[in-house]
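Engineer:
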Amino acid sequence: ASIMEGPLSKWTNVMKGWQYRWFVLDYNAGLLSYYTSKDKMMRGSRRGCVRLRGAVIGIDDEDDSTFTITVDQKTFHFQAANAERDSRVDFGVVRIEVLYSFAWL
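FYI, the numbering for the sequence shown is 4 to 108, going by our numbering.
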């Protein structure tokens, strides 16, 4: 499939901290788009996107549910959408696809 989707939390800032987002990975476009909810995604109300071509992926050594994507001198921080339960299965597909499919771009 050329598109995958799933939940992640995205670090916004010190005041708001981690925010739940619904992510859509589009292989063909090389974009990881995010929305404030799945419903907003269904309505086409995109919050933002991360360009993956040329991006550098980083994994937290101490917490394998957290990773970064750095592109165009900006670093985005992501983690499992719900830290209380093991949601790596939920977002693992998206994370793994980002880590491995785009590592060579």
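For each residue, glycine too, the CB sits at the ideal point set by N, CA and C.
The structure presented is a predicted model; accordingly, all values stated were derived computationally and were not measured.
Closest Cβ-Cβ distance between Gly57 and chain D: below 8 Å?
Structural biologist: As a matter of chain content, chain D is missing from the structure shown, which is built from one protein chain.
Engineer: For Arg50, which option in Tyr30, Val17, Ile6 and Arg24 has the closest C-alpha, if you only look at C-alpha atoms?
Structural biologist: Working through the sequence shown from its first residue, we reach residue 50 at position 47. Per the Cα distances, Arg24.
Engineer: Near Asp63, which residues of its chain fall below 6 Å by C-beta distance, leaving aside the five closest residues on each side in sequence?
Structural biologist: Start at 1 with the first residue of the sequence shown, and residue 63 comes out as number 60. Within the same chain, Asp63 has close Cβ partners Thr69.
Engineer: Measuring CA to CA, which of Phe81, Val27 and Thr15 is closest to Gly9?
Structural biologist: What you label residue 9 is simply residue 6 of the sequence shown in a count that begins at 1. If we check each option's Cα against that of Gly9, Val27 comes out closest.
Engineer: Under three-state DSSP, which class holds Thr73?
Structural biologist: Your numbering for residue 73 matches position 70 in the sequence shown. DSSP, reduced to helix, strand and coil, places Thr73 within a strand of the structure shown.
Engineer: At what residues does the alpha helix (DSSP H) containing Lys13 begin and finish?
Structural biologist: Within the sequence shown, residue 13 is the residue found at index 10, counting from 1. Not the alpha helix (DSSP H): Lys13 falls in the beta strand (DSSP E), residues Ile6 to Asn16.
Engineer: Quick check: what's the CA-CA separation for His80 versus Tyr30?
Structural biologist: As a first step, residue 80 must be located in the sequence shown, where it is residue number 77. As a first step, residue 30 must be located in the sequence shown, where it is residue number 27. Their Cα atoms are separated by approximately 20 Å.
Engineer: State the Cα-Cα distance for the pair Asp75 and Val53, rounded to the nearest angstrom.
Structural biologist: Within the sequence shown, numbered from 1, the residue matching residue 75 stands at position 72. Within the sequence shown, numbered from 1, the residue matching residue 53 stands at position 50. Roughly 10 Å between the two C-alpha positions.
Engineer: How long is the line joining the alpha carbons of Trp14 and Gly20, rounded to whole angstroms?
Structural biologist: Translated into positions along the sequence shown, residue 14 becomes position 11. Translated into positions along the sequence shown, residue 20 becomes position 17. Between Trp14 and Gly20, the C-alpha separation is close to 6 Å.
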